[in-house]
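Reading through the structure tokens given below for one structure.
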Amino acid sequence: IEIIRTIFPSIIPMFIAIPSFALLYSMDEVVVDPAITIKAIGHQWYR
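This is how it looks when you write it as structure tokens:
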């Protein structure tokens with residue numbers, strides 16, 4: 027019973043992590059010709 031209480035909780039995060047990594051790597055693919063380009067400029071709130 028101790029093995030079940032140890033292994034089962036560690037399997038549940040794997041079912042969440044595997045699709046997350048697949049999505050992360052698919053978003054990292056380079057787009058050759060993007061439809062739009064966004065330019066963001068940030069400033070510090072103090073000068």
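Per our numbering: the sequence shown = residues 27 to 73.
Just so you know, even glycine gets a beta-carbon here, dropped at the ideal spot from N, CA and C.
Where A67 and P60 are concerned, what is the direct C-alpha to C-alpha distance, given to the nearest angstrom? With the sequence shown as reference, residue 67 is identified as Ile, and Ala is not the correct amino acid for it. When rounded, the distance between both Cα atoms is 20 Å.
What residue range does the alpha helix (DSSP H) around I30 cover? 28-53
Using the C-alpha atoms, what's the distance from I42 back to Q70? 37 Å
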